[in-house]
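Report on the following structure.
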Amino acid sequence: LLALAENAFFAVGIKIEPQHVRAALTDLRGAVIAESVTSLHGKESDHVLAGLRTVYDELTVRLPSSSVLGVGIALPGLVDPAAGLSIDPHFFRWRNLPLRDAAEKMWQLPVWVENDARAGALGEKWALSSDADPSFLFVTVGVGIGAGIVLKGELMEGGLVGAGHLGHTTVVLDGLPCHCGLRGCLETVANDAALLRAANAGSHTRYDSVTQVFQAARAGDGAARAAIEQAASYLALSIANVVKVTGISRVVLGGESAVAGGPLLVDVLRRILKDLVFAETREQVVVQPSRLGNAVWQVGAAALVLEALYTPPIYATTNPVLERVMGNAPS
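Just so we're aligned, residue 2 is where the sequence shown starts under my numbering, counting upward by one.
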């Protein structure tokens, strides 16, 4: 089986974004071989399924169909992985979409669906070096804010859907209304929209993107810097609570703002976070950017397939990935 990893079989990981669908073809080690992206032309499920088909076809057109073991799909919002449902994707016009069933029917392949932040945590896990700490908190900051907890190498999950929704932890009692129906959520004060709103409110300059805000802060703009400090303070508050509850010492940042913010955001967040954790653990808390950058989502989605292959018992009769390997391995 291990001898086949680099040559015979592949996984596809797909990230659904508000305006794009991005995908990667990986080998069985999770290394990216090829990538594809397409724009979405609507918010209905038909548009998204068409986007999924486009990127999949572009990645696999030259491959034997039997060489693709499965597809992982990462998307925002509430997801029920066990049922394969996209319950409430926030940015799209559906509820309780049986996405896994629709995709399996389209491709005739095993499909997994997962919340994008949790998939990102899985992608980061697959990028770990053998001597790295196997426990970490992966936090994505962008249009939304989410998280995935990897504890001793395992992605944590409970019995309820909605795990990892750090952006909907309450940080301001009776605060601004959130699109989720609650008030005072972290997203209302620390996501991309909140950062832009705060920066524009305090400056004579009009910012149209978080990239512009971070560029202005690096150039010495006080209003931009203040907006970043404010958003980072709320983000650090939520992260500190997770650190104190779990004992995890390593925080990994991903997402649009994390990429745009670069070392500036990491440094600001690290400084604020150290004042919110126990003095005895302050020097142990580490904040770092994702090793995979913007590819973390697609690698994590592909890892949903790979986890099914490598997680014991791999010999289970209900393991659809192993069945494809055994059914198509050269004799």
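All C-beta atoms in this analysis are idealised placements derived from N, C-alpha and C, irrespective of residue type, glycine included.
In the structure shown, D81 adopts extended strand secondary structure according to DSSP, grouped into three states.
Within a 10 Å sphere around the beta-carbon of S37 sit 16 or more other beta-carbons, which makes this residue buried. When beta bridges are read from the DSSP output, N116 appears opposite L76. With a 10 Å radius around the Cβ and a threshold of 16 neighbouring Cβ atoms, P65 comes out exposed. The C-alpha of I240 is placed about 15 Å away from the C-alpha of S136. At the C-beta level, G168 and I150 stay beyond 7 Å of one another. Taking the Cα of V144 as reference, the smallest distance to any Cα among C179, E115 and E158 is reached at C179.
For L98, no beta strand (DSSP E) segment is defined, and its DSSP state is neither H nor E.
Excluding residues up to 5 positions away in sequence, K44 and E45 lie with their Cβ nearer than 6 Å to the Cβ of R94 in the same chain. Burial is judged here by how many other beta carbons sit within 10 angstroms of a residue's own beta carbon; K126 has at least 16 and is buried. Nearest C-alpha to N320 among L41, I249, D47 and G71: G71. Contact annotation: the segment 245 to 265 touches the segment 128 to 142, with at least three C-beta pairs closer than 8 Å. Restricted to the segment 136 to 160, not a single alpha helix (DSSP H) segment is unbroken, complete and at least 4 residues in length. For G14, DSSP records a beta bridge to A25 and G73.
Annotation: the continuous beta strand (DSSP E) that includes V253 extends over R251 to G255. Segment contact: the segment 272 to 286 against the segment 9 to 23, fewer than three CB-CB distances shorter than 8 Å; contact not assigned.
Between L29 and L307, the beta carbon gap of about 6 Å places them in contact (Cβ cut-off 8 Å).
Sequence-distant Cβ neighbours of A224 in its own chain, meaning closer than 7 Å and more than five residues away, are A200, G203 and S204.
Sequence-distant partners of V269 (beyond 5 residues in either direction) whose C-beta falls short of 7 Å from its own C-beta, in its chain, are I229, E230 and A233. With a cut-off of 8 Å on Cβ pairs, the segment 47 to 67 is not in contact with the segment 283 to 295, counting fewer than three such pairs. For V13 against V80, the beta-carbon gap comes to about 18 Å, at or over 8 Å, which does not count as contact. Between L123 and L305 the beta-carbon gap is near 7 Å, inside 8 Å, which marks them as a contact.
Going by DSSP, V287 is part of the beta strand (DSSP E) stretching over V287 to P290. For the set V326, V300, Y311 and A309, the Cα lying nearest the Cα of T27 is the one of V300.
Taking the CA atoms as reference points, D134 sits about 12 Å from E155. Beta-bridge annotation (DSSP): T39 is paired with V22. Annotation for N116: V80 and G165 place their beta carbon closer than 6 Å to its own, counting only its chain and skipping 5 residues before and after.
When only Cα atoms are considered, L265 and A220 end up about 12 Å apart. The beta carbon of P290 lies closer than 7 Å to those of L254, A259 and V267 in the same chain, with the five residues before and after it left out.
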